Every structure is written in structure tokens, then in C-alpha cells.
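To keep things clear, I will list the structure first and then write my remarks on it.
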Amino acid sequence: MMLTGTLVNYYVHCPRQCWLFYHKLNLEDNSEDVRIGRVLHALNSEKDGELAIDNIKLDKITDEYVVELKKSDADLNAAMAQIQFYLLRLAQKGINRKGRLEVWEKNKQGKKVHYTELNEELVQQLNKQYAEMEEFLLSPVPPAANLKTGCKRCAYYEYCYI
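Now the structure itself:
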């Protein structure tokens, strides 16, 4: 199974969304927020270019950082998990970098740039999490819906609650 940064992000944000997306139930094309994020991402990609390596697509990579760009800081933990996934995959290929998350709209956090980097303990946690994710994604049914504050803005809201 090939995990992706998007799957890791969704798993941390909402396991049900992750499962549905993995099983090809993609409702994001109907979401205005997703559309805005894609446009902002496309505008930046035209400027800096996107780099694809195996199963990862990096927004930007410098001599020091893997840079991930997000529309907002609505789920900082999920976005940071996505960067950490990229850092680990690159490290396995001998490319060692730190992670940098840049957000266009800072709604919940007081800053627009956030940093992360790998260490031995984090690498062990990530490998364990990815093994759990792979097992979870093979489950024949999705987990039950779990209504949270941000659910009403989710592309999957109608599927889960209506």
C-alpha cells in the first residue's frame, strides 16, 4: 500500500474522511474551500513549481526545508503530520531536510509559518502510525461519523450527516 501526504493529513484530521478518500469516495470537487485552496496552490506552483518523488508531491523544497503551503491553519496538526510524512520519505532516500508550513490565512494560530523536524523518537512514532493507518485503510467499512466543530465546512459533511 502506498500512503500519501494527503492520506496522512486526512487520517490525523478525520479518520472517516481518510477512509472514504482512500476508497475513492471523493466529494472534494463540490467544496468551495477545497476549490479556493487548489487555486491558491496552482498559482504558487506556477511560480515555484511542484516536485514529485514517488508517492509524494512537494510544494517546494530548498537546501534546508520541505515547504508545504496551506490555505489556512484550521488543522495545524494534520498539516504538520503531512510534512513529517514527506520528511520521513525523503530521509529514507538520503535527503534530509526540516519542515516548514506556510499558511495564507492564520485563523487559529498567531503566525503564518510553522516548523518541524525529525528525530529518532518521532520517526518511531511515525512508522507505528503509518502501520496502523495501513491496517485501518484495509477495513471493509468506514468508521462511524464523529461530529466535531469543523464538520459543517467539510466536503464530506452531507455524506456523513444528511
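As numbered in the working numbering, residues 379 to 540 make up the sequence shown, in order.
Heads up, the beta-carbon is just placed ideally off N, CA and C, and yes, glycines get one too.
Quick caveat, the model's predicted, so the values are computed rather than measured.
Can you tell me which of the three DSSP states residue i falls into?
i	result
GLY477	strand
LEU429	strand
GLU512	helix
LEU405	coil
LEU436	strand
GLU446	strand
TYR534	coil
Tell me whether residue i is buried or exposed, calling it buried when 16 or more other Cβ atoms sit within 10 Å of its Cβ.
i	result
LEU403	exposed
VAL445	buried
ILE473	exposed
ASP437	buried
GLN395	buried
ASP441	exposed
Please look up how many angstroms separate the CB atoms of residue i and residue j, rounded, as I've assumed it's under 8 Å.
i	j	result
LYS449	TRP482	6 Å
LEU465	ARG475	6 Å
ASN433	MET380	5 Å
LEU405	TYR534	5 Å
PHE463	GLY383	5 Å
Would you report the Cα separation of residue i and residue j, rounded to the nearest angstrom?
i	j	result
HIS492	ARG478	6 Å
LEU504	TYR539	31 Å
LEU525	TYR508	24 Å
TYR400	LEU385	7 Å
LYS564	ILE431	The structure shown does not extend to residue 564, since the chain spans only 379 to 540, so no value can be given for it.
Touch check for the region 457–471 and the region 382–390: three-plus C-beta pairs under 8 Å?
yes
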